[in-house]
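Numbering-wise, our numbering puts 63 at position 63 of the sequence shown, and it's gapless, one number per residue.
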Amino acid sequence: MSDFSRYFLMKAPDAAEFARRKLSLFAPGAALEHREIGDGNLNYIFLIRDPSSGKSVVIKQAGDTARISDQFKVSPDRNRIEYDILVIENDLAPGLVPKVYGYDPVMNALAMEDLSDHTIMRGALLQRRTFPLFADHITTFMVNTLLLTCDAVMDHKKKKATVANFINPDLCEITEDLVYTEPFNDVRKRNDPFGPNLDFIQRELYCDKEILLETAKMKFDFFCNAQCLIHGDLHTGSIFVREDSTKVIDPEFAYYGPAGYDVGNVIANLFFAWANADTVMEPGSARHAFTRWIEQTIDDVAGLFVSKWRSLWAERVTEPVAQYEGFAEWYLDSILRDTAGVTGLELCRRIVGIAHVKDITAIQDAAARVRAERLCLSAAKVCIKERDRIRTGSDYLDILFRAAKEYPRGRP
Ligand code: SR1
Ligand code: MG
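Dropping the structure here:
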């Protein structure tokens with residue numbers, strides 16, 4: 001058995017031995033249960049448990065290529081970034097992220113809290129479960145982590161040092177390519193569109209010059225706008241939920257970028273859950289209750305983000321010029337514009353690109369999937385093109401309802 005002084009990609013028994021040697025959690029000689037539980041696109045995740053004490057830990061190890069495809073060479077330093085941001089997020093948004101126990105730079109492995117009593121939100125939504133505290137929790141997470149890391153609040157030298165610590169070129173490149181470029185221009189031939197929607201995608205995205213121009217503008221914002229320390233991949237697969245608890249995981253795409261990137265990801269992934277339910281569930285009270293809950297959640301996320309941002313800003317702003325009359329609203333308005341644009345980008349890239357979401361791919365009936373995809377893409381185009389005016393929950397719901405009307409059930 002290795003002494004873990006040289007990097008190698010672990011299997012579950014290695015991860016158990018790693019946990020035994022490197023953490024002080026387990027008694028020496030404890031018979032540990034071990035299992036690989038990862039189903040994400042990038043990493044290897046091991047659950048290690050001592051049945052006699054009931055203690056458990058999750059070990060997350062980074063390889064040097066993505067799990068989804070070895071076309072993506074990704075620095076294993078991403079786990080150091082994940083560890084560092086989880087420490088910060090535990091401080092800024094306590095209770096809303098897993099606790100971290102340590103990071104090993106040789107094995108590129110991170111030890112953190114076992115959240116087996118939670119479930120991944122995307123899967124839970126596909127089972128039509130609802131989470132009454134989600135909007136409140138996720139908006140607290142976003143406002144605290146985004147606002148408290150921006151120049152309006154942070155000491156500027158400390159902020160610049162934090163920007164430097166979170167330079168994340170490989171993971172940013174994935175986002176630049178997969179989110180901002182390829183869904184609109186299949187230059188790398190990596191896209192994976194659903195066959196029956198190929199013509200639609202070509203016509204509505206690849207050939208729409210206005211969409212190309214607007215997505216180019218947004219990409220340059222993603223390159224240059226070191227606004228806040230963002231999670232960078234805040235979709236419903238990166239969120240663990242329980243009725244009474246929300247935990248944001250997987251911040252390996254973190255870097256200093258536009259705050260609206262996180263908020264837009266949350267809203268887009270609620271659109272996907274709605275599109276799935278509206279397309280797949282039989283009309284009736286269960287569908288009505290579930291889609292109404294998603295609608296309310298979209299409305300609450302948009303509304304609570306704004307109200308919490310305003311009150312935390314009033315409490316914590318330190319930069320003198322940010323306190324000039326009108327500045328706070330101008331700054332927030334730019335975040336809401338980015339939020340709308342990113343909502344559109346995320347909706348497009350999960351349908352057209354390589355990294356899909358189950359909300360769409362789990363739709364078995366081809367005509368139904370065609371409908372759900374067109375509905376999302378149509379809403380996405382409005383979010384991108386009209387991002388200067390989209391600000392409230394009602395604005396998002398109008399877009400969603402108009403797209404659903406344009407592409408009714410049973411008629412693609
Ligand atoms: C190659 S990684 C593909 C996607 O998976 C991650 O979860 C991110 O969303 C990324 O874009
Ligand atoms: Mg992830």
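Backbone N, C-alpha and C fix where the C-beta goes; we use that ideal spot for every residue, glycine too.
Could you tell me whether any non-hydrogen atom of the ligand SR1 is closer than 8 Å to the CB of histidine 118? no
Check whether isoleucine 267 and threonine 215 have beta carbons under 9 Å apart: no
Helix or strand or just coil, what does DSSP make of aspartate 221? helix
Along the chain, where does the beta strand (DSSP E) containing phenylalanine 46 start, and where does it finish? 44-49
Go through its chain and collect everything with a Cβ distance to alanine 380's Cβ below 7 Å, but skip five positions before and after it. Closer than 7 Å at Cβ, skipping near neighbours: Gly344, Leu347 and Cys348.
Run through DSSP, which three-state label would glycine 257 get? strand
Assign phenylalanine 290 to one of three DSSP states: helix, strand, or coil. helix
Aspartate 14: buried (16+ other C-beta within 10 angstroms of its C-beta) or exposed? buried
Find the nearest neighbour of valine 153 within the set Gly38, Ala322, Tyr83 and Pro408, judged by alpha-carbon distance. Among Gly38, Ala322, Tyr83 and Pro408, the Cα nearest to that of valine 153 is on Ala322.
Please identify the residue among Gly303, Val317, Pro169 and Ala109 whose C-alpha is closest to the C-alpha of threonine 140. Gly303
Proximity below 9 Å, CB of alanine 340 to CB of cysteine 376: In this structure, alanine 340 sits away from cysteine 376, with a CB-CB distance that is not shorter than 9 Å.
Is histidine 137 a contact residue of the ligand SR1, with contact defined as CB to any heavy atom under 8 Å? no
Does the beta-carbon of valine 106 have 16 or more other beta-carbons within 10 angstroms, so that it is buried, or is it exposed? exposed
C-beta contact flag for isoleucine 59 and leucine 110 at 9 Å: yes
Report all residues from its chain with a CB closer than 8 Å to the CB of valine 100; omit the five preceding and five following residues, and keep chain order. Tyr83, Leu86, Val87, Asn90, Leu110, Ala111, Met112 and Glu113
Would you give the residue range spanned by the alpha helix (DSSP H) that glutamate 36 belongs to? Counting along the chain, glutamate 36 falls outside any alpha helix (DSSP H), though it belongs to the beta strand (DSSP E) covering 33-36.
Are the Cβ atoms of valine 263 and isoleucine 335 separated by less than 9 Å? Yes.
Please tell me whether histidine 146 and asparagine 185 are closer than 9 Å, where the distance is taken between their beta carbons. In the sequence as presented, histidine is not what sits at residue 146; that position holds leucine. Contact: no.
Contacting residues, own chain, Cβ-Cβ under 6 Å from methionine 281 (five flanking each side not counted): Arg287
For aspartate 278, which of Phe401, Leu234, Asn191 and Gly123 has the nearest alpha-carbon? Phe401
Quick check: the Cα distance between phenylalanine 290 and glutamine 127, rounded to an integer number of angstroms? 10 Å
Alpha-carbon spacing of alanine 254 relative to proline 196, whole angstroms: 35 Å
Check whether the Cβ atoms of leucine 133 and aspartate 244 lie closer than 9 Å to each other. Their beta carbons are under 9 Å apart, which means leucine 133 touches aspartate 244 by this criterion.
When you compare each of Asp177, Thr236, Thr130 and Ala135 to arginine 122 by their alpha carbons, which one comes out closest? Out of Asp177, Thr236, Thr130 and Ala135, Thr236 has the C-alpha closest to the C-alpha of arginine 122.
Identity of the residues DSSP links to lysine 73 by a beta bridge: Thr65
Given the structure, does aspartate 84 come close to the ligand SR1, in the sense that its CB is under 8 Å from one of the ligand's heavy atoms? no
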